[in-house]
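If you read the sequences in order, they're chains A and B.
Residue numbers are given in the working numbering: position 116 of the first sequence equals residue 117, and the series is strictly consecutive.
Residue numbers are given in the working numbering: position 25 of the second sequence equals residue 26, and the series is strictly consecutive.
C-beta atoms are modelled at their ideal positions from N, C-alpha and C, and glycine is treated no differently.
The structure displayed is predicted, hence computed values, not measured ones.
Since the structure comes first, as structure tokens, the remarks are kept for the end.
Protein chains: 2
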Amino acid sequence: MDLDRAAGRLRAGGRRVTAQRRAVLRALTELGCAADAEEIHGRARRMHPRIGLVTVYRTLEAFTAEGLAQSVFLGDGRTRYEATEQGRHHHHLVCLHCGRIATTDECTVQPLEGTILRRGFEVTAHRLELFGYCARCRTRR
Amino acid sequence: MDLDRAAGRLRAGGRRVTAQRRAVLRALTELGCAADAEEIHGRARRMHPRIGLVTVYRTLEAFTAEGLAQSVFLGDGRTRYEATEQGRHHHHLVCLHCGRIATTDECTVQPLEGTILRRGFEVTAHRLELFGYCARCRTRR
DNA sequence: GTCTAAGTGAAAATCAGTTTCAATAAGACA
DNA sequence: TGTCTTATTGAAACTGATTTTCACTTAGAC
């Protein structure tokens with residue numbers, strides 16, 4: 002997500018573009034997938050040392066509302082965030098041994114959404130997370 | 002999940018079968034899918050009035066460890082639980098308008114798990130939640 | 001029946017996330 | 001460029017879900 006596009010979206014939503022928001026956006030893209038607020042705060046502080054954690058939470062809320070970021074839940078009790086990629090989405094592979102998170106661009110959910118629509122429920126989004134053991138942890142145990 | 006099987010699993014895991022645990026198990030099966038700790042506590046209290054919320058949390062943790070229950074995350078900041086059905090699983094359809102939760106037994110994730118295995122990651126479980134609008138909310142808006 | 005470790009309840013603690021409020025600053029307009 | 005309105009910010013206090021502590025109880029092995 003480049004800055005100009007993001008700034009445009011924020012302004013279109015009646016929001017202002019601040020140094021803190023630029024820092025959070027850059028932190029999000031640098032951190033890649035499924036970073037938590039604490040991590041994003043730490044990274045954003047490199048570019049804007051005075052930014053508070055509260056501002057990070059509020060910024061992530063604004064970004065989510067404007068479609069610039071999305072939340073991810075991996076079951077560890079905290080909300081994670083990542084920049085949205087336009088027209089694409091991915092899913093997470095969480096290793097139950099080392100905790101590392103990989104991703105996959107493949108998704109087999111669309112046909113299911115069709116079946117569900119035939120029952121009257123219109124699916125607009127889905128979350129899919131896969132859990133198991135990564136190659137490294139599988140061989141070393 | 003019937004009581005005898007559940008009791009057997011608990012004992013096999015070195016755990017004891019208590020009146021409180023029986024109450025939580027029954028509450029889980031009566032409440033059906035994706036109930037939160039507060040709801041489970043309220044229902045369990047009908048059978049065991051002195052049970053505390055803390056015990057409910059601890060029991061759900063034990064049940065999850067023994068495979069009697071599983072957690073569900075719908076993004077509202079609380080963990081939900083449901084009794085596991087042996088050899089089967091289902092997914093949740095969450096209406097973004099009325100909040101009602103429906104389920105589907107269909108699942109198109111298995112082929113994806115195969116693809117991922119070929120890359121070295123062994124999937125042992127997955128979570129899939131679908132969000133959108135139920136028939137009722139679709140027509141009334 | 002005895003005994004011991006697992007389980008319990010109540011209160012206190014923790015932890016992620018939210019709210020409040022006074023101060024700051026984006027950006028619309030003169 | 002300066003002015004003004006209002007969104008945004010930071011710090012501190014708060015909230016709500018969940019966990020920990022600790023003294024007391026009890027399941028179930030012997």
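Neighbours of Thr-116/B across chain A, judged by C-beta separation under 9 Å: Thr-105, Glu-107, Thr-109. Comparing alpha carbon positions, the residue from Arg-128/A, Glu-130/A, Arg-22/A closest to Arg-44/A is Arg-22/A. In summary, the residues of the stretch 122 to 134 of chain A whose CB is separated from some CB of chain B by less than 7 Å are Phe-122, Glu-123, Val-124, Thr-125, Ala-126, His-127, Arg-128, Leu-129, Glu-130, Leu-131, Phe-132, Gly-133, Tyr-134, in the order they occur in the chain. According to the DSSP assignment, Gly-43/A belongs to the alpha helix (DSSP H) that extends over 38 to 48.
DSSP places Ala-70/B inside the beta strand (DSSP E), whose first and last residues are 70 to 74. Judged by beta-carbon spacing, His-98/B lies beyond the 9 Å limit of Tyr-58/B, meaning their Cβ atoms are not closer than that value. Against Gly-14/A, chain B offers no close residue; the least beta-carbon distance is about 19 Å (beta-carbon pairs closer than 7 Å). In this structure, DSSP gives Thr-105/B an extended state, which the three-state scheme calls strand. Ranked by Cα distance from Thr-56/A, the first of Arg-137/A, Ala-38/A, Glu-123/A is Ala-38/A. Taking every protein chain shown into account, the CB of Thr-60/B has 16 or more other CB atoms within 10 angstroms, so this residue is buried. Rounded to whole angstroms, the separation of the alpha carbons of Glu-62/B and Ala-7/B is 14 Å. Taking C-alpha positions only, Thr-19/B is separated from Val-25/B by approximately 10 Å. If you draw a 10 Å sphere on the C-beta of Leu-113/B, you find 16 or more other C-beta atoms in it, and that means buried. Pairing Asp-3/B with Arg-89/A, the inter-Cα distance amounts to about 44 Å. Closer than 9 Å at the C-beta level to chain B, one finds no residue of the stretch 16 to 48 of chain A. The beta carbon of Gly-68/B sits closer than 8 Å to the beta carbons of Arg-10, Thr-85 from its chain, once the five residues preceding and following it are set aside; these are given in chain order.
If you compare the alpha carbons of Glu-107/A, Gln-71/A, Thr-109/A with that of Tyr-82/A, the shortest gap goes to Gln-71/A. When the Cα atoms are used, Arg-128/A and Gly-53/B turn out to be separated by approximately 33 Å. Contact with chain A is found for Ala-136/B, since one of that chain's Cβ atoms lies less than 9 Å from the residue's Cβ. For Ile-117/B and Cys-108/B, the gap between their C-alpha atoms comes out near 16 Å. Burial check for Ala-35/B: the Cβ neighbour count within 10 Å reaches 16 or more, so the residue is buried.
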